[in-house]
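Quick note: to get this note's numbering, add 51 to the position in the sequence shown (first position is 1).
Backbone N, C-alpha and C define an ideal beta-carbon position, used for all residues, glycine too.
Below you'll find the structure, written out as structure tokens, and then a few comments.
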Amino acid sequence: MAVGEVVGAHALRGWVRVRAFQPPAPSLVPGCEVVLDGPGGARPARVTVATRHGRGLVLVGFDGIHDRNAAEALVGSRLLVPVAALPPPADGEFYYHEVEGFAVETAGGERLGTIAETFSTGLNDVWVVRGAREHLIPVIQDVVRTIDRAGRRVVIEPLPGLLDG
């Protein structure tokens, strides 16, 4: 599971700035094992340092990465962790990988399709729901009413015009 992306080198000690996909990146802690999936391929790494750094960023150090040049070579890499290493979601929370494939229906019972993927607009996240046609559903409290894990379905209350066209 991708938990962040290396967006830049930090200082001279080999640390990198990681944009956390779910700040504050609770699965990135010293001692954890990750896979760095980047331009040079995928390779395992052990986190030695992980500390918050501004909005949505985490400063991360890896075993064996000790200078800025080595850190710069990691820019663009995604940090992957085993799903089992993720902390359990709190009540009312979920991970996006959990809902892929869930059926989506309106509160009125109209089946729209299934969640194929999630992307971020910067303002909010959006589910791509594919069925008879494709719908882009904003993942916001005003729209998403129920996430039924056991039933593998999501119930939404579409905003006016959301399903038009």
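Leaving out the 5 sequence neighbours to the left and right, which residues in its chain are closer than 6 angstroms to residue i when beta-carbon positions are compared?
i	result
Asp193	none
Pro133	none
Val177	Phe170, Leu187, Pro189
Tyr147	Thr169
Anyone know if the C-beta pair for residue i and residue j falls short of 7 angstroms?
i	j	result
Phe145	Ile188	no
Ala124	Gly65	no
Pro90	Gly127	yes
Arg97	Leu87	no
Among the options, whose alpha-carbon lies nearest the alpha-carbon of residue i?
i	options	result
Asn175	Val54, Arg68, Gln73, Gly89	Gln73
Glu84	Val69, Leu63, Gly127, Ala136	Ala136
Arg129	Leu214, Met52, Gly212, Asp215	Met52
Gly55	Val67, Ala71, Leu63, Ala62	Ala71
Leu63	Asp118, Gly105, Leu108, Pro90	Asp118
Glu149	Leu87, Arg97, Arg204, Ile191	Arg204
Counting only the same chain and skipping the five closest in sequence on each side, list residues whose C-beta sits under 7 angstroms from that of residue i.
i	result
Pro140	Tyr146
Original post:
Do three or more CB pairs link the stretch 197–216 to the stretch 152–166 at distances below 8 angstroms?
Top reply: yes
**OP:** Would you check if the stretch 105–113 and the stretch 161–174 touch, i.e. whether three or more CB-CB distances between them fall below 8 angstroms?
**Re:** no
**OP:** May I ask you to verify whether the stretch 70–81 touches the stretch 95–105, counting CB pairs closer than 8 angstroms and requiring at least 3?
**Re:** yes
Subject >> Within the stretch 93–169, ranges of the alpha helix (DSSP H) (whole runs, at least 4 residues) >> reply: 119–123, 147–150
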